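Everything in the sequence shown is counted per this note's numbering, starting at 428 for the first residue and increasing by one.
The next block holds one structure in the form of structure tokens; read it before the comments.
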Amino acid sequence: MSRAVGRRALLSGGAAAAALAALTACGDSAIRRRQPSPIALANVWPWGANTFLDLEVETWKRRQTLEMVRDAGIRWIKQHAPWADIETPERGQYFNTAARRSTWDKYDEIVDLAEEAGVEVIARIDRAPAWARVNREHPTTPPTNYVDYGRFLSTFATRYRGRVSHYQVWNEPNLAHEWGGAPPQPEEYARLLRVANMAIKSVDEDNVVIAAPMAATLENSPRAMDELKYLRRFYEAGAGDYLDVQAANAFGLEHPPDAPPDLNVLNFRRVEFVRELMVEFGLRNRPIWFNEYGWNASPADMDAAKLVWRRVPEETQAEWTVEGVRYALTHWPWAGVFNLWFFRKPLGALQPDESEYYFRMVEPDFTPRLVYRAVQRAATGASFP
């Protein structure tokens, strides 16, 4: 065990209980929106989480993850369903010859277990299979023919009709590494979203199409485009006609949830600038759902070069995660689901020397961390010893 892991392990028993009691001293009542929002898709349960059930092999681990999600008062999961993992190795093929099983089996089980736990699935679908893209070396390359993507979305939505009704189309296309290594192209993503919308809605008009979140960034280069500049061009291309929800990322970095927005700063309330753009382009009646949300609790001795999301103490992570949602439900009638980054990843998926490791709510061995307990209390109103 590393020194950092050892220190975190000490925050257990009485220490963890004391920290939890301190940060939730405001009372046991669960956090709710006090007044209904005039925006229909903002009147939803706010607590969600990113899961990685597709990376699990054993059914019991998927089931236990979802049971812990439910017990925390979380009613949404955002779950990746890579196109390349399902329609492979060729167009129209859905069978893994090496494993001698359908490539749908894993996702059938995930949907079954989510239903069993009473949890709604937001399906993120991207990652074109090699046969569908020119650049076979870069897995995030968009498909050569957008119709292939639309056809797959239609197939997926048909298979899970009435069971999965929320679809996130792609992820962070304002970053080159999420767009096949090519410079960001807002107009092209708008075209892709249009095809996706038509395919998803053709199966069920009530399906909800979620436009991809942009990575919050101040960079403008071939590697990345400031998300506000990207979204302006995206909306100018008419994309607003093809989304029911705009997704956004909301990482607080080292700033508290109520820190004011600033065009030169990355913080939780930066999303208010996204909202201003939406209103400018006539999208006042569309909400923002949060694709990834939270604060990072990397150890104090982690190499500063690795602190992409900065860091806060574990107690602060737990407190601000709850207070950010409280702030949003008080001040943002347009805010919907907050998908916490992240619930849990399997053993080995991340290492303790990686900053991202310190977002987790639950350990690979299913031990809950302080942020899990804080969210559980906020979402359910439960009290803890």
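Quick reminder that beta carbons are idealized off the backbone N, C-alpha and C, glycines included.
Note that the structure is predicted; figures quoted are calculated from it, not measured.
If we require 4 or more residues per run, which alpha helix (DSSP H) segments fall completely within the region 650-699? 654-663
Under the three-state DSSP convention, the category K772 falls into: K772: coil per DSSP, three-state reduction.
Are the CB atoms of A755 and R738 within a distance shorter than 8 Å? no
Which whole runs of the beta strand (DSSP E) in the region 567-632 are 3 residues long or more, in chain order? 593-596
Per DSSP, A508 is paired with what? The bridge partners DSSP lists for A508 come to none.
Taking all protein chains shown into account, do 16 or more other C-beta atoms lie within 10 angstroms of the C-beta of L690, making it buried, or fewer, making it exposed? Exposed, since its Cβ has fewer than 16 Cβ neighbours within 10 Å.
Can you grab the Cα-Cα spacing for the pair F661 / T582, in whole Å? 27 Å
Could you please give the first and the last residue of the uninterrupted alpha helix (DSSP H) stretch that includes W747? Counting along the chain, the alpha helix (DSSP H) containing W747 begins and ends at 741-758.
Comparing C-alpha positions only, which one of G763, I504, L767, A467 sits nearest to V591? I504
Which of the three DSSP states, helix, strand or coil, is assigned to A525? coil
Leaving out the 5 sequence neighbours to the left and right, which residues in its chain are closer than 8 Å to N562 when beta-carbon positions are compared? T568, G607, G608
Can you pull the DSSP bridge partners for G721? F678.
6 Å CB neighbourhood of E750 in its chain, flanking five on each side removed: P684
Residue range of the alpha helix (DSSP H) that I537 falls in? Under the DSSP assignment, I537 falls in the alpha helix (DSSP H) whose first and last residues are 532-544.
Evaluate G679 with the Cβ neighbour count: other Cβ atoms within 10 Å of its Cβ, from every protein chain shown; 16 or more gives buried, anything less gives exposed. buried
Quick check: the Cα distance between I549 and P649, rounded to an integer number of angstroms? 30 Å
Quick check: the region 540-548 against the region 568-580, are at least 3 beta-carbon pairs closer than 8 Å? no
Closest by CA to R586, which one among D668, W736, D532, V692? D532
From this set, A776, R771, D792, D780, which residue's C-alpha is nearest A476's C-alpha? R771
Could you please give me the residues that DSSP links to A476 through a beta bridge? I504, L767
Using a 10 Å radius around the Cβ and a threshold of 16 neighbouring Cβ atoms, would you call E632 buried or exposed? exposed
Could you tell me which residues DSSP puts in a beta bridge with E547? Residue pairing for E547: DSSP places it in a beta bridge opposite W503.
W487 in three-state terms, based on DSSP: helix
When the Cα atoms are used, what is the spatial distance from E564 to R659? 30 Å
Tell me, please, whether the region 692-703 touches the region 457-475 by the rule of three or more beta-carbon pairs shorter than 8 Å. No: fewer than three Cβ pairs fall under 8 Å.
Within its chain, find whatever has a CB closer than 7 Å to the CB of S529; leave out the 5 residues flanking it on each side and keep chain order. Y521, F522
Give the straight-line distance between the Cα atoms of G721 and R518, rounded to the nearest whole angstrom. 38 Å
Straight-line CA distance for V692 to L645? Spanning the two alpha carbons is a distance of roughly 8 Å.
Taking A674 and W716 to be in contact with their CB atoms under 8 Å, please state how far apart those CB atoms are, rounded to whole angstroms. 5 Å
Cβ-Cβ distance between L797 and E742 below 8 Å: yes
Near A452, which residues of its chain fall below 6 Å by C-beta distance, leaving aside the five closest residues on each side in sequence? Low confidence applies to A452: its pLDDT is 44, below 50, so where it sits in the model is not reliable, and the reading given next is rough at best. For A452, where only same-chain residues beyond five positions count, there are no Cβ hits under 6 Å.
In the DSSP assignment, what residue or residues form a beta bridge with T515? Y521
Among V672, E781, E707, nearest to P726 - alpha-carbon criterion: E781
According to the neighbour-count rule (16 or more other Cβ atoms, all chains shown, within 10 Å of its Cβ), is W474 buried or exposed? Looking at its Cβ environment, which holds 16 or more other Cβ atoms inside 10 Å, W474 is buried.
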